[in-house]
Every structure is written in C-alpha cells, then in structure tokens.
Amino acid sequence: MFVLRMTVLTLLLSASLPSYAQNSVDIGQLAATPMWRALLHIPRSTSFSINEPASYVDDPRFFIDRNEIFSREGELSATLEAFQLNPISTACRFPARYLWLQSQNILPAGLLSECAEYMEWREKIDVERVVLVLAASYLNSPSSMYGHTFLRLDPAGERGESAFLSYALNFAASIPPGENGMLYAYRGILGGYPGLFSMQPYYEKIQEYSRLENRDIWEYPLSMNAAQIDMLLAHTWELRDINFDYYFFDENCSFRLLELLEVAFPDLDLTSPFAHAAMPVDTVREVVESGIAEQPRYRASKRIELEAVLAELDAAQKAMVIRLATAESQLKHPDYLAYSADQRQLLATAAYRYLRYISNREERSPAQANRSLALLREMQSYGPRAVRQIEMPGRPDQGHPTSMLSLSGGSSEDRQYADMEWRISYHDALDSVAGYPEGATLMMGRLKLRWRDGDTLQLQGFDPIAIRSLAPRDAFFKPISWQVNAGLERLENIEESMVARVSGGAGASVNFLKGVAYGLPGLRLEHNDDAEDPWRIAAQINVGQLWQGNVWATELRASYIDFGGGDDIGRGVRQSAYLGINRVLSANQAMRLSLEYRKEFGLESTAAELAWRHYF
1 MFVLRMTVLT
11 LLLSASLPSY
21 AQNSVDIGQL
31 AATPMWRALL
41 HIPRSTSFSI
51 NEPASYVDDP
61 RFFIDRNEIF
71 SREGELSATL
81 EAFQLNPIST
91 ACRFPARYLW
101 LQSQNILPAG
111 LLSECAEYME
121 WREKIDVERV
131 VLVLAASYLN
141 SPSSMYGHTF
151 LRLDPAGERG
161 ESAFLSYALN
171 FAASIPPGEN
181 GMLYAYRGIL
191 GGYPGLFSMQ
201 PYYEKIQEYS
211 RLENRDIWEY
221 PLSMNAAQID
231 MLLAHTWELR
241 DINFDYYFFD
251 ENCSFRLLEL
261 LEVAFPDLDL
271 TSPFAHAAMP
281 VDTVREVVES
291 GIAEQPRYRA
301 SKRIELEAVL
311 AELDAAQKAM
321 VIRLATAESQ
331 LKHPDYLAYS
341 ADQRQLLATA
351 AYRYLRYISN
361 REERSPAQAN
371 RSLALLREMQ
381 SYGPRAVRQI
391 EMPGRPDQGH
401 PTSMLSLSGG
411 SSEDRQYADM
421 EWRISYHDAL
431 DSVAGYPEGA
441 TLMMGRLKLR
451 WRDGDTLQLQ
461 GFDPIAIRSL
471 APRDAFFKPI
481 SWQVNAGLER
491 LENIEESMVA
501 RVSGGAGASV
511 NFLKGVAYGL
521 PGLRLEHNDD
531 AEDPWRIAAQ
541 INVGQLWQGN
551 VWATELRASY
561 IDFGGGDDIG
571 RGVRQSAYLG
581 INRVLSANQA
591 MRLSLEYRKE
601 FGLESTAAEL
611 AWRHYF
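Structural data, given as structure tokens:
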C-alpha cells in the first residue's frame, strides 16, 4: 500500500508542477539571486576565471547538472527538471533547494513530510537555537593554533536548558589516524585533505577543548527565526558526506560556517572579506559586527577553574593541596585538621580539581580513583559551597584585528632609515593582550622592507612563521615554553648579508616581578651565500622578561648565538639586547618604541626605532 500511495502521490505532484520547458520560470533572474549563490557555495567575487572556483564544493555528487562546465543557470535548470520528474526524491535529497523554490511559489508545499529519514533527523535534533562557538587558540596543537569555530544546535523545550544535550555542527579536515604533524601542516596549507561537515554531542566538544586541551570556550547565540533555522539545517542535510577541499588559512572551519550562515542570511555578506585568509577570531568578529550575534557566554577551561580556586590560597595551603592530591591519608593529618571547616572544604575542592586536571590525559589508576573519591566525599561532607564566579576576560572578538601594517623610522650608527612591515597574521607578545592568550606569539607572513638615506629599498626580513609560547611553571603546572621561527634575515654588520635561517628551542618560564621571565636554549641553522662555508649551525640561548597588558606592554630580552671559532665570515659569536615598549592607542592602532644593541663577530651597533602600527 505504501508503494502504491507514493506512486500516486508522485504522479499527482508531477502533474501539478509547472512545465519548465514552457519558460514559466525566469531561469536567469532566479539563478542570479543571493540565495541560489549561497546554496551552491559560489564565491561572491567569482568571475569564473581560471584561478577562481565556480563553486567551493568539490564533490560532483552535490550537483544535478552533469555538464562539465558549471553554471548557476545550468544547475538551476537541472534542479527544476529533477523536481518535475522525481519531486519527492529530489526534495528529500535537496530540502534546502526545495524550501527556497517553494518560498518562490514554484513548488507546492508538503513534499518534505514524505521524507521519512529527513523528518526523523529533524525531530531528533529539534533545534530551537543556533550558537556560534569559538574555542580559543592552542599553540601546542598545529590544527588549533588560531582557534576553532563550530555551531552549537540547542534543542527546544526542557532539553534546551542544558547545553550538554545540544549538538555540535563542525567542519574539519578528514585526517587519517596517526598522521605526522609536519605532513599535516604541509597538506593543510597546500591542500590534500578533504573537508567534511559532521555532528556530535556538544558535551564531547566541551571535554575535548575545555578539559583535555585546556582551552576557553566562547558561545555567541545567533538571532535566527524558525524559518532561518529550517533553511540552515536543510542545507546541512544536503552537505552530508559531501567533500570540500580543506585549506588551513582560507577554506577552513570558520569559512565554511560563514557559508552556512549565508544560507540562513542570504542578504548578508559574511564571506567576501575572507577570500584569502579566514582566521577564526576574525570570522567571529565579522558575525558580531553583522548584528546577528547576541551577548556571548564565557566557558572557562578546567585549568582556569582550578587557578581560580588556587588564587584563594596562601603558600602553605597550596602545599597542603598537593599533599592531599598525593595521598588520601593526608585527610586525617593534624596539619589538615587544624584548618577550619570552610578552609578544609576549600582545600579538598582544590585538591580534587587538581587531581582530575593531572589525570585528564591518561587513564586513571585505581589509586588515583580512590584518592579522587575520598576528596569528593570530603568536599560534600561540608554541604554546598558557593561557587566563585570566574571573571570574564577580554572578549576575543573585541581584541585587535589579526593583520598588521607598520611604518617606522629609526637610526642605526648615524644612518637614518624607514621601515615598512606587513604581517598577515596574527599576534606578537607586545600587541595588546586583550582577547588573546597571554605569553603567546604567533606570526605568519611577516615581511619587512627598509629604505636607508642615500640607499635603495631592500628586503630586511621575511618570516613565514614565528611562534613562541611562554607558559609559566609553578608547583601545580609544568608546561614547557618553546619557540620556533624560520625565514630570511639581513645581518647588520657582516656586509649586510641576507641569510636563510631556522631556529628553535625549548625551556621554561616563571612568573616574576609581575611579569614572566623566560630562558629558551636551542639551535640555529643558517645558510649564507656570502660565506665560504654557506651552511652552519649554532647553539643559542634567549632570555628575557615580559610584561603584558591591555594598554602597555614591555619586553626586555637578550640572545647569545655561538657559531664556533674560525676565520670564515660569519663564524664566532653574535650577541644582542633588545627593549620594546608598546602603547595601544585604539582597538586597531598602537605605537612601539624599540632599542637594540648588537655585537656580531666583534662589530657593535645600536639602533633606535619608533613605529606606528595599524591592525586590520
């Protein structure tokens, strides 16, 4: 009976659909609409040139038209023909196209009610609200250095009161298990991975980011009505198992989410500013500035929650916390019992969180489980405890933009010069820390040109990548501070040679004098065409003190590089000392003063420079 019913219904619907062969629809006008462009993922700036894709979708299964030359009109004509021949199956495969054409009074209502699988999926997720989520940057993971965005789908009714019952809609590269980190970086930047949309319970994302990776999470509710949510979800259905090319800098997680949002808001232009690079925080800023995002909620990482509890303790109490986390017998020790009931509850809470924190990345042993249970019971034995509210840090969307142009003037050894510096992304340690992780430097595509009085314009330096992570160590946290950079650098004193170099190192940093002191030993590999022995390697060490703030930032650092003895040009020792002071003028402007002393192979030089920096 079901087959007979579907056959009759299909025949009736087919008869009721207009005859497209009679040109009852203006194909050209309809294909030129913003909604059709959004549904086909056509770049806004496309001119269908050889360098621009006709559509960002790289999977032929997404298209109905089998013509080798893609066109909006061709795909629309093929879609209308498919609806005329097989209306129900076409609607079930392309529900977003159906909803749009039905809203244009081209197709009749009611077709989706016959799509059992689609309707079951919609009923299961039952979305009432959509939230844009930003997981903060995490320098120790190549795929997460700039952060990550995804959509949270909140269900209706009582289920929507807890985000743990929501779903996460995510776009990411499909990476084989055990992929090498360097290979990931290569393929991620140059292409080589397919990108796919996927859905999973939101609580799994919370565990992944806020607990395992210790990343803060920002949640931005979006102002969407029921029809817009229906359209977004219908298009998500269309993209099941559909491949996109994945590129780390532009066609990434954040860019794909903007494309999805343009399906719900076809009159908004969210994607064109990111045709060449899409940094997650910049895409969030674009959504906020478009007016469709509401006040965000901050979800602190497990480490931040632990630090908030530890901040209430003095040195002796912190030592007791470590003792409690090490052995449950300490709960009966006189030193612990000497504290008041409120203090014991606080100490047990800190020890419990610390024990859970250090065991997040590994399977807990029976001994750890027993200590954790004992601490939990101790906490609860004192009754409910008021939860200390964690102060919301600076919002990432309100931090400085990630690209930067700098103009500066300076003097070195009585010679005046002017520099122009351009940075594609993202942030250095002297930039305003508002909205950015403390101690982090992550720069890619940094180019510096110099003009000297009486000389020509020349390349002063180029850094494809420069990363530094200063994570202070203490009794509770033992992270490694590290740095790596690669590129071209012009030497000041040795015939101004341009050298290619790769350097890196790892060490430690600690909180000191209300800032961070660090020491990073490492190696430097260098190639100099002007030297008799072009390739050379040196031991190096970098030490310094960094003070960061929202308005002022200062860094004092020194470096020592030893290439060994010898008479060849470039052999010997290089030393330098640097003082940088940055003053924020506005959200996208700053001034920076730099003083530097260099001693390279016995030759000394000093330089002073004042720069105006514009972020965009």
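Residue numbers for the sequence shown follow the numbering used here, so the first one is 1 and each next one is one higher.
Where is the CB? At the ideal position from N, CA and C, for every residue including glycine.
On a predicted model such as this, the values are computed, not experimentally measured, just so you know.
What three-state label does DSSP hand Y560 in the structure shown? Looking at Y560 - three-state DSSP - the assignment turns out to be strand.
Put T149 into one of helix, strand or coil per three-state DSSP. It is a strand residue.
Which two residues bound the contiguous beta strand (DSSP E) that contains N170? Y167 to A173
Inside the segment 101-146 only - alpha helix (DSSP H) runs reaching at least 4 residues: 116-125
In whole angstroms, what separates the C-alpha of R592 from that of D529? 33 Å
Could you compute how far the alpha carbon of A486 sits from the alpha carbon of L525? 9 Å
Which residues in the same chain have their Cβ closer than 6 Å to the Cβ of H235, if we skip the five residues on either side of it in sequence? A96 and V263
Own chain, CB closer than 6 Å to L520, minus 5 neighbours either side, in chain order: Q483, G505, G507 and N542
Do you know how far the Cα of M279 is from the Cα of Q345? 43 Å
So for M35, helix, strand or coil by DSSP? The answer is helix: DSSP assigns M35 an H, G or I state.
Taking the DSSP output, what are the residues bridged to S503? N485 and R524
May I have the straight-line CA-CA distance separating Q207 from P393, to the nearest angstrom? 21 Å
Residue interval of the alpha helix (DSSP H) (run including D342): A341 to I358
Can you tell me the Cα-Cα spacing of Y615 and F476, whole angstroms? Going by C-alpha positions, Y615 is about 37 Å away from F476.
Within 10 Å of its beta-carbon, does P87 have 16 or more other beta-carbons around it, so buried, or fewer, so exposed? P87 comes out buried.
DSSP-derived helix/strand/coil call for G549: coil
I need the boundaries of the alpha helix (DSSP H) containing H283, first residue and last residue. In the sequence under discussion, the amino acid at residue 283 is Thr, which differs from the His named in the question. Counting along the chain, the alpha helix (DSSP H) containing T283 begins and ends at P280 to S290.
Quick test of your reading: S210 and S301, contact by CB under 8 Å. State the CB separation rounded to the nearest angstrom. 5 Å
Bridge partner(s) assigned by DSSP for P221: V131
State the beta-bridge partners of M420 as determined by DSSP. L407 and L449
Between V499 and R256, what straight-line distance do the alpha-carbon atoms span, to the nearest angstrom? 39 Å
Hey, out of Y193, N252 and H148, whose CA is closest to E219's CA? H148
Cα-Cα separation, S144 to Q398: 20 Å
DSSP bridge partner residues for A539 (one or two, in chain order): L523 and D562
L523 and Q540: beta carbons closer than 8 Å? yes
I'd like to know whether the C-beta atoms of V127 and L239 end up nearer to each other than 8 Å. no
Could you say which of R415, W422, R468 and Q589 lies nearest to W451 if we only look at CA atoms? R415
Is it true that the CB of L488 sits closer than 8 Å to the CB of L459? yes
Label W552 either buried or exposed according to how many other C-beta atoms from any shown protein chain fall within 10 Å of its C-beta, with 16 as the threshold for buried. exposed
Looking at T349 and the ligand MG, is the gap between the Cβ and the nearest heavy atom below 7 Å? For the ligand MG, the structure offers nothing, since it holds no ligand at all.
Buried/exposed call for H284, threshold 16 Cβ in 10 Å: For the sequence presented, residue 284 should be read as Val rather than His. That one is buried.
Going by the DSSP bridge assignment, what does I206 pair with across the sheet? Partner(s): none; I206 has no beta bridge.
Whether M224 touches V133 by CB criterion (8 Å): no
Going straight from the alpha carbon of D314 to that of A577, what length do you get? 36 Å
So, at 7 Å on beta carbons, what are the nonlocal neighbours of E496 in its own chain, with the 5 sequence-adjacent residues on each side left out? Excluding residues within five positions, the ones whose Cβ falls inside 7 Å are R490.
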